[in-house]
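Trainee: Residue numbers 9 to 219, in the numbering used here, belong to the letters of the sequence shown in order.
Note that CB positions come from ideal geometry on N, CA and C, so glycine has one too.
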Amino acid sequence: MSTCEPYQDYHIPSEGLAILNNVFPEEIASLKRQVKTHLNNESDTDEYTQLMQLTIASHYIARDGPDWAEKKREELTLEGLTFVGYYDDSNQLKAFITILLTTDDWGLVLYLYEIHVHPDYHSRHIGSQLITSFHKLAVLLQQCGTMLDSNTCASHLNSTKLTVFSDNDRAVQWYTKLGYLLSDESPQNKVLRSGRVIKPAYYILYRPLGL
């Protein structure tokens with residue numbers, strides 16, 4: 009387990025970015041890859057939130073209200089996020105995955121911050137390719153063993169993690185098939201005396217490396 013303070017976020021080191029560029033395809037379904045280690049301006053955050061409007065807006069509206077996109081724009085400027093986007097020939101964002109190397113009570117984890125595919129590309133298996141590359145990245149980051157700070161080495165990386173809306177049944181089932189498990193710190197279902205199940209707003213899931 010990492011010896012650094014809990015909830016420390018890290019930029020993926022240069023060695024890790026080289027690995028990322030190797031494991032994420034340069035092209036998927038005729039879409040070209042662009043990697044960004046931060047979003048430069050409002051137009052950058054807008055293109056990401058606009059794609060999310062098409063994929064998951066209803067879940068965010070239910071949780072955060074109609075101003076969810078503004079909150080999400082602020083989140084996307086979080087220090088340490090890495091964006092792997094795929095663009096069409098008109099330079100329109102059609103798919104992306106956002107990654108955060110961070111720590112929690114479990115130690116060093118690679119967090120799947122966002123993953124979205126434009127509805128027009130849902131039949132192209134893009135999401136599967138992105139998540140597979142994400143899992144490969146985690147394993148190879150651990151193996152490279154580069155130092156993240158004076159106390160923390162990438163070899164401490166122990167799992168991938170993500171947050172998923174509990175009512176997004178399709179996503180929950182997908183992650184479960186990929187080997188994700190409910191984390192100890194995740195909000196839990198509540199079962200009433202009547203047998204009715206009350207779900208939390210979201211689950212936190214984890215997947216040990218190497219599955």
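Tell me whether Leu-165 is buried or exposed, calling it buried when 16 or more other Cβ atoms sit within 10 Å of its Cβ.
Mentor: The residue in question, Leu-165, is buried, as its Cβ has 16 or more Cβ neighbours within 10 Å.
Trainee: Among residues of its own chain, excluding the 5 on either side of Asp-97, which ones have a beta-carbon nearer than 6 Å to its beta-carbon?
Mentor: Cβ neighbours of Asp-97 beyond the five flanking positions: none.
Trainee: Mind checking whether Gln-151 and Ile-36 have CB atoms under 8 Å apart?
Mentor: Not closer than 8 Å, so no.
Trainee: Here's a check: name, in chain order, each residue in its chain whose Cβ is nearer than 8 Å to the Cβ of Ile-69, leaving out the five neighbours to either side.
Mentor: Excluding residues within five positions, the ones whose Cβ falls inside 8 Å are Trp-76.
Trainee: Count the other CB atoms within 10 Å of the CB of Gly-93; is the residue buried (16 or more) or exposed (fewer)?
Mentor: With 16 or more other Cβ atoms within 10 Å, it is buried.
Trainee: For His-143, report the span of its alpha helix (DSSP H) as first-last.
Mentor: Per DSSP, His-143 belongs to the alpha helix (DSSP H) from 134 to 152.
Trainee: Among Asp-17, Arg-41 and Glu-193, which one has its Cα closest to the Cα of Tyr-214?
Mentor: For Tyr-214, the nearest C-alpha among the options comes from Glu-193.
Trainee: Taking contact to mean at least 3 C-beta pairs separated by less than 8 Å, is the region 195 to 207 in contact with the region 142 to 158?
Mentor: These segments do not touch.
Trainee: So, is Ala-179 buried or exposed, given that buried needs 16 or more other C-beta atoms within 10 angstroms?
Mentor: Burial call: buried.
Trainee: Pick helix, strand or coil for Gly-73, following the three-state DSSP scheme.
Mentor: The answer is coil: DSSP assigns Gly-73 none of H, G, I, E or B.
Trainee: With Asp-175 and His-19 assumed to form a contact (beta carbons below 8 Å), what rounded beta-carbon distance in angstroms separates them?
Mentor: Contact doesn't hold; Cβ gap of about 33 Å is too wide.
Trainee: Buried or exposed, going by whether 16 or more other CB atoms sit within 10 Å of the CB of Ile-134?
Mentor: Buried: at least 16 other Cβ atoms inside 10 Å.
Trainee: Please determine, among Glu-122, Leu-116 and Thr-111, the residue with the shortest C-alpha to C-alpha distance to Phe-104.
Mentor: Out of Glu-122, Leu-116 and Thr-111, Glu-122 has the C-alpha closest to the C-alpha of Phe-104.
Trainee: Report the option in Asp-128, Leu-219, Ile-107 and Gln-61 whose CA atom is closest to the CA atom of Lys-185.
Mentor: The candidate whose alpha carbon is nearest that of Lys-185 is Leu-219.
Trainee: Using CA atoms only, rank isn't needed, just tell me which of Asp-72, Lys-80, Phe-91 and Tyr-15 is closest to Thr-45.
Mentor: The candidate whose alpha carbon is nearest that of Thr-45 is Phe-91.
Trainee: Would you mind listing the alpha helix (DSSP H) stretches within the region 31 to 85 that are 4+ residues and don't spill past its ends, in chain order?
Mentor: Complete alpha helix (DSSP H) runs here, min 4: 50 to 63, 65 to 72 and 76 to 83.
Trainee: Put Asp-17 into one of helix, strand or coil per three-state DSSP.
Mentor: Strand.
Trainee: With respect to the alpha helix (DSSP H) encompassing Lys-185, which residues constitute its N-terminal and C-terminal limits?
Mentor: Element bounds for Lys-185: 177 to 185.
Trainee: Can you grab the Cα-Cα spacing for the pair His-124 / Ser-202, in whole Å?
Mentor: Using only the alpha carbons, I get a separation of about 37 Å.
Trainee: Does the beta-carbon distance from Pro-21 to Leu-120 come in below 8 Å?
Mentor: Cβ distance not < 8 Å, so Pro-21 and Leu-120 don't count as in contact.
Trainee: Consult DSSP for Glu-87 and reduce its assignment to one of helix, strand or coil.
Mentor: Correct three-state label for Glu-87: coil.
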